[in-house]
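Reading through the structure tokens given below for one structure.
Following this line, the structure appears as structure tokens:
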């Protein structure tokens, strides 16, 4: 397989199976053009803005937004998350990497598995896809905005659960999801253990488990978000963004903690 073919495969997975080997011919030159092909990069490399000039990355971001929009209606139930998350990752993996979750996008960035341009584009397009999907649900059901106020993963009854408690629940659930998802799919060290086909299924189970467990943890709390974009779409539909910041701050906090640990215990040792 040529270096160009290896890079194309590296772009189209979630770092679980195909990444460009450091010993490959022309590694430095190819990674300079397609940073996401490497299993490890520095912050200086990740924050380079030349990725915004890559038309392919824009196309992949569009696929992320469209796919998240399709997933939003049925992902309200934890049981539906298992097949939906798994199938969408398997389907979209060959195009965009199959993130389909804003939390995963942020998570891979803080772990230095995704470049800043790709992360920024995926965040914007996923948020746009979720908002459009939310309004399409409301229009197709002909339901009032109040119907979407208690959707799973976004409802907080402030008389029973304080914002601080909700933040703690969101952060701890997100850390649990990180631990499982990195162990079965996102960490490049696991590519020989689970491979690209089994990992999406295991991530789907992890997502469903964390949603279900957090959903029954407290009365007045419908569960952890684990995807700020999905909650943004539903909350925009209900025309009520109260406490939405918790979904962002909690998940970002968990991602930063994981990024720090990933820096302390890197998957690869850099050699000069």
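In my numbering, the protein residues as written are 107 to 378.
We treat Cβ as the ideally placed atom computed from N, Cα and C, and that holds for glycine.
- Exposed is the label assigned to residue 189, since fewer than 16 other Cβ atoms lie within 10 Å of its Cβ.
- Secondary structure at residue 262: strand, using DSSP grouped into helix, strand and coil.
- Membership of residue 246 in the alpha helix (DSSP H) is indicated by the continuous run 222-247.
- In the three-state reduction of the DSSP assignment, residue 327 falls in the strand class, which pools E and B.
- In this structure, the beta-carbon distance from residue 212 to residue 357 falls below 8 Å.
- Under the three-state reduction of DSSP, residue 355 is assigned to helix.
- Closest option to residue 361, judged by alpha-carbon separation, among 272, 279, 159 and 253: 279.
- Relative to the Cα of residue 237, the nearest Cα in the group 291, 161 and 333 belongs to 333.
- Annotation: residue 288 to residue 273 spans about 22 Å, alpha carbon to alpha carbon.
- Per DSSP, reduced to three states, the secondary structure at residue 217 is coil, with no helix or strand assignment.
- Bounds of the alpha helix (DSSP H) holding residue 274 are 269-287.
- Bounds of the alpha helix (DSSP H) holding residue 339 are 334-343.
- Inter-residue distance for residue 242 and residue 371 is about 44 Å (C-alpha atoms, whole angstroms).
- When 325, 340 and 163 are compared, the shortest CA-CA separation from residue 231 is found for 163.
- Taking the Cα of residue 209 as reference, the smallest distance to any Cα among 313, 255 and 155 is reached at 313.
- Relative to residue 244, the option among 345, 353, 350 and 367 whose CA is nearest is 345.
- The C-beta distance from residue 216 to residue 317 rounds to 22 Å, too long to fall under 8 Å, and the pair is not in contact.
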